[in-house]
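Q: Below: one structure in structure tokens.
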Amino acid sequence: MAQLLQHLINGLAAGTIYALVALGYTMVYGVLKLINFAHGDVMMVGVYMGYATAFALGRDMRSSLLGVAVVFAVAMLGCALLGFFIERFAYRPLREKPRLTALITAIGISFALSYGFQLDLGFLPGAAPRAFPEVIEPVEWLVIGDRDVVVWNWQVISFGIAVALMVGLQYLVFRTRFGRAMRAVSWDHRVAALMGIPTDRVIALTFMLSSALAAGAGLLYAIKDTSVSPLMGLYVGLKAFVAAVIGGIGHVPGAVVGGLVLGLVEEFVVGYAASTWRDAVAFGFLILVLLVKPGGLFGRVAAEKV
Amino acid sequence: MSAAVQETKAEAGAPLLQADGVSIQFGGLKALTDFNLSVRQGDLQGLIGPNGAGKSTAFNVLTGVYQPTQGEVRVGGQRVNGWLPHQINHLGLARTFQNIRLFRALTALDNVKVACRAQGALHPEGVGLGAKMKGAFINYRDWWRALLLTPRFQQEERELTQQAEHLLEVMGLSHRRDEEARNLPYGEQRRLEIARALGTQPKVLLLDEPAAGMNTREKADLMVLIRKLRDDFKLGVLVIEHDMKLVMGICECITVLDHGETIARGAPAQVRNDRKVIEAYLGDSYLESHGGAA
């Protein structure tokens, strides 16, 4: 019982991170019908920005509350800028081209970032994984019984940040002018433009928002994993993409549920079977979901008109 | 040039929407040739023509969806060649669509609210990246206000909701406020499109076949409604319509297009008896068998 509870907590903590990254996929897919395969790598760049900031702040400063806030702020703002430039110069010129063109571009950017970051250019950290500094010093937040169940402070903090970001996003999408504009663009961007919505700017802001979320999620992941490497974006990004598809891509709460479900499934596989099975089961689960519900758990499959 | 500008400004009813020798060409196909038009406040004009005559192309070029190959379009006196659709909309030009294009998954209220703008939400935009980003943050500054739930944000939201509710009421759609647009009956979807267009606070309203698919009774109601909207919102209205009775009934001036060329313009009675118009609509054989136009 205690073991189950422990796995549940670990799974939720991992799941919230997937959920945050998945939200980025889902938002961009929502407005552009583009699967932004570079999303995971944008996240990775954000983690490196946080890494650099943490080192610049020094040991004492970075584990203070202010330090943590600065690390997150720099990474999220930096990533928002990166997202803006990628959209502006890589995707926007291809907006009216066949969708496949943008998709291939996304894959290209993904590889450019993940392998570009392995170059040894002095200011880049090189290919080897680095230990991520202890921005949040691990403290046992809650211990039940004889260390049957341990909840770490970073799990609570990461869960809290993730939930706050998700609630904020839900509010933004459904209660604000920007969110309405986003949903209108998502439905029909040409009509939205004719109704006075600056579609280019809505799309750019969506990219910035999703990239900032990715940076936040990436930092939480790096804190959990205590490491950072140029290829982490490919791996985490792929998993988060799976989470988004499980939930029904384009659906905001779906991405959250998909992330949580994926986190739990992985944790239980690792806990009760073997960690080597983790990825196989995760992707097997995706296939299973798509067999039963092709649009994902929350997605609607549009009936083809004959 | 400057004299001409001053002249138009001095004139009481300066044209709100003006097309001057507009031509548009797709590859070798001339979709619109030397199209002229001028809509003033209080106008109720019609644009008719057989299928493929270039009516919708004309709407698309006026609203910035297409760029004219030649000629120029002016909205509120401002030359808008090369402007983006949303910028032209901000100058006061709104439209509906031939095949209804609502945001189908949004509620009726949200469909209108999307188009509504709070007072002072529009800011003149400069050129260059910096100015554009600044514009974006100002135009959508509500996101952080929203997160902080500032009174200003809440007040703006209330204002928008009131505007949208008012428009729904005008269009007789209050009872559909929270229903998804796709669940509305056909006639109400058409009216919702008009409500949405009005949300952008236009000076000129372009209606693309507003009566398509309506029955006779609905059409009669629509005629009354269009006139009322023109008067209440102080609009200039341009209507594309296939239904001759509707166009002849409400429009004071009708432009007839055929193969992208303007073949007639004038009052309904005049246009109805124009030989070229009858030819275009009914074909040469009709004229031959009836011994020419009346």
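Chains as they are written, first to last, in this note's numbering: chain X, 430 to 735; chain A, -9 to 284. In this text, a Cβ means the ideal position worked out from N, Cα and C, and glycines have one as well.
Which residues in chain A sit within 8 Å of glycine 616 of chain X, going by Cβ to Cβ distance?
A: A quick correction: the sequence has tryptophan, not glycine, at residue 616 of chain X. Under the 8 Å cutoff, chain A gives Phe93, Arg94, Ala95 and Leu96.
Q: So what's serine 493 of chain X in DSSP terms, helix, strand or just coil?
A: Looking at serine 493 of chain X - three-state DSSP - the assignment turns out to be coil, as it is neither helix nor strand.
Q: Could I get the ranges of all uninterrupted alpha helix (DSSP H) runs contained in the segment 63 to 114 of chain A, with 4 residues as the minimum, in chain order?
A: The qualifying runs are 75 to 80 and 98 to 105.
Q: Kindly say whether aspartate 629 of chain X, judged by its beta-carbon, lies nearer than 9 Å to any beta-carbon of chain A.
A: Closer than 9 Å: yes.
Q: Residues of chain A with a CB under 8 Å from the CB of glycine 507 of chain X: which are they?
A: Near glycine 507 of chain X there are no residues of chain A at all, since even the closest Cβ is about 16 Å away, more than 8 Å.
Q: Pick from X/Pro527, X/Ala531 and X/Ala502: whose alpha carbon is nearest that of glutamate 516 of chain X?
A: Ranking the options by Cα distance to glutamate 516 of chain X, first place goes to X/Ala531.
Q: Can you find a C-beta in chain A that's less than 9 Å from the C-beta of glycine 728 of chain X?
A: No, no contact with chain A.
Q: Are three or more beta carbon pairs between the segment 45 to 55 of chain A and the segment 161 to 169 of chain A nearer than 8 Å?
A: No contact exists between the segment 45 to 55 of chain A and the segment 161 to 169 of chain A.
Q: Please decide whether glutamate 146 of chain A counts as near chain X, where near means a Cβ-Cβ distance under 9 Å.
A: Yes, its Cβ sits closer than 9 Å to a Cβ of chain X.
Q: Sort out for me which residues DSSP pairs lysine 20 of chain A with in a bridge.
A: DSSP, once it has assigned bridges, lists A/Gln15 as partnering lysine 20 of chain A.
Q: May I ask you to report which of helix, strand or coil DSSP gives glycine 116 of chain A?
A: Note that glycine 116 of chain A has pLDDT 49, beneath the 50 cutoff, so the model's placement of it is unreliable and the number below is only indicative. Coil, per DSSP.
Q: Closest to tyrosine 544 of chain X by C-alpha separation, out of X/Pro682, X/Pro659, X/Phe712 and X/Tyr701, would be which residue?
A: Ranking X/Pro682, X/Pro659, X/Phe712 and X/Tyr701 by Cα distance to tyrosine 544 of chain X puts X/Pro659 first.
Q: Starting from serine 656 of chain X, follow its DSSP beta bridges and name the residues at the other end.
A: Note: serine 656 of chain X sits in a beta bridge opposite X/Ala560.
Q: Please go through the same chain and pick out, in chain order, the residues whose beta-carbon is closer than 6 Å to the beta-carbon of glutamine 8 of chain A, but skip the five residues on each side of it.
A: If we look at glutamine 8 of chain A and ignore the five residues flanking it on each side, its Cβ neighbours are Ser28 and Arg64.
Q: Report the rounded CA-to-CA distance for lysine 189 of chain A versus aspartate 33 of chain A, giving the unit in angstroms.
A: With the sequence shown as reference, residue 189 of chain A is identified as glycine, and lysine is not the correct amino acid for it. So the alpha carbons of these two residues sit roughly 20 Å apart.
Q: Residues of chain X with CB closer than 7 Å to the CB of histidine 80 of chain A, please, in chain order.
A: The answer, in chain order, is Gly625.
Q: On a Cα-Cα basis, can you pick out the residue from A/Lys235, A/Asp100 and A/Arg180 that is closest to alanine 610 of chain X?
A: Comparing Cα-Cα distances from alanine 610 of chain X to each of A/Lys235, A/Asp100 and A/Arg180, the minimum goes to A/Asp100.
Q: If you draw a straight line from the C-alpha of alanine 672 of chain X to the C-alpha of isoleucine 446 of chain X, how long is it?
A: The straight-line gap from Cα to Cα measures roughly 11 Å.
Q: Quick one: what's got a C-beta closer than 7 Å to glutamate 178 of chain A's C-beta in the same chain, skipping five residues either side?
A: Taken in chain order, the residues that qualify are Leu163 and Arg166.
Q: Exposed or buried, glycine 572 of chain X, counting other C-beta atoms within 10 Å across all chains shown (16 or more means buried)?
A: Before going further, note that residue 572 of chain X is valine rather than glycine in the sequence given. That one is exposed.
Q: What residues of chain A sit near alanine 711 of chain X, judged by a beta carbon separation below 9 Å?
A: By Cβ distance, chain A contributes nothing, its closest Cβ being about 30 Å from alanine 711 of chain X, past 9 Å.
Q: Need the endpoints of the beta strand (DSSP E) that arginine 255 of chain A sits in, please.
A: Looking at the DSSP string, the run of the beta strand (DSSP E) that includes arginine 255 of chain A is 251 to 256.
Q: On the CB-based measure, 16 or more other CB atoms within 10 Å of its CB, does glutamine 35 of chain A come out buried or exposed?
A: Glutamine 35 of chain A should be labelled buried.
Q: Taking Cβ-Cβ distances shorter than 9 Å, what residues in chain B pair up with leucine 74 of chain A?
A: Of the protein chains in the structure, X and A, none is chain B.
Q: Determine the DSSP secondary structure at glycine 537 of chain X, reduced to helix, strand or coil.
A: Of the three classes helix, strand and coil, the one that applies to glycine 537 of chain X here is helix, per DSSP.
Q: Near lysine 209 of chain A, what residues of its chain come up, given a Cβ to Cβ distance below 7 Å and the 5 sequence neighbours on each side ignored?
A: Same-chain partners within the cutoff: Ala201, Asp233 and Leu236.
Q: Assign glutamate 733 of chain X to buried or exposed, taking buried as 16 or more other Cβ atoms, counted over all protein chains shown, within 10 Å of its Cβ.
A: Note that glutamate 733 of chain X scores a pLDDT of 49, beneath 50, so its modelled location is shaky; the value from the coordinates is reported in the next line. Burial call: exposed.
Q: Take every Cβ of the segment 552 to 567 of chain X, pair it with every Cβ of the segment 680 to 687 of chain X, and state whether three or more of those distances are shorter than 8 Å.
A: No contact exists between the segment 552 to 567 of chain X and the segment 680 to 687 of chain X.
Q: Looking at the C-beta of valine 104 of chain A, does it have a partner C-beta in chain X at a distance below 9 Å?
A: Yes, contact with chain X.
Q: Name the two residues that bound the continuous beta strand (DSSP E) containing isoleucine 244 of chain A.
A: 243 to 248 is the extent of the beta strand (DSSP E) around isoleucine 244 of chain A.
Q: Which parts of the segment 190 to 248 of chain A are runs of the alpha helix (DSSP H), unbroken and 4 residues or longer, counting only runs that do not cross its ends?
A: Taking only runs of at least 4 residues, the alpha helix (DSSP H) segments lying wholly in the segment 190 to 248 of chain A are 206 to 222 and 234 to 240.
Q: Out of curiosity, what's the CA-to-CA distance linking asparagine 41 of chain A and methionine 661 of chain X?
A: C-alpha separation (whole angstroms): 57 Å.
Q: When you compare the CB of alanine 641 of chain X with every CB in chain A, is at least one pair closer than 9 Å?
A: Answer no: the Cβ-Cβ gap between alanine 641 of chain X and chain A never drops below 9 Å.
Q: My output table needs one value for aspartate 549 of chain X: the three-state DSSP class, helix, strand or coil.
A: In the structure shown, aspartate 549 of chain X sits in coil (DSSP, three-state: anything other than H, G, I, E or B).
Q: So which residues of chain A does arginine 521 of chain X contact, with C-beta pairs closer than 7 Å?
A: Going along chain A, no residue has its Cβ under 7 Å from arginine 521 of chain X, so there is no contact; the nearest lies around 12 Å.
Q: Flag arginine 609 of chain X as yes if its beta-carbon sits less than 9 Å from any beta-carbon of chain A, otherwise no.
A: Yes, contact with chain A.
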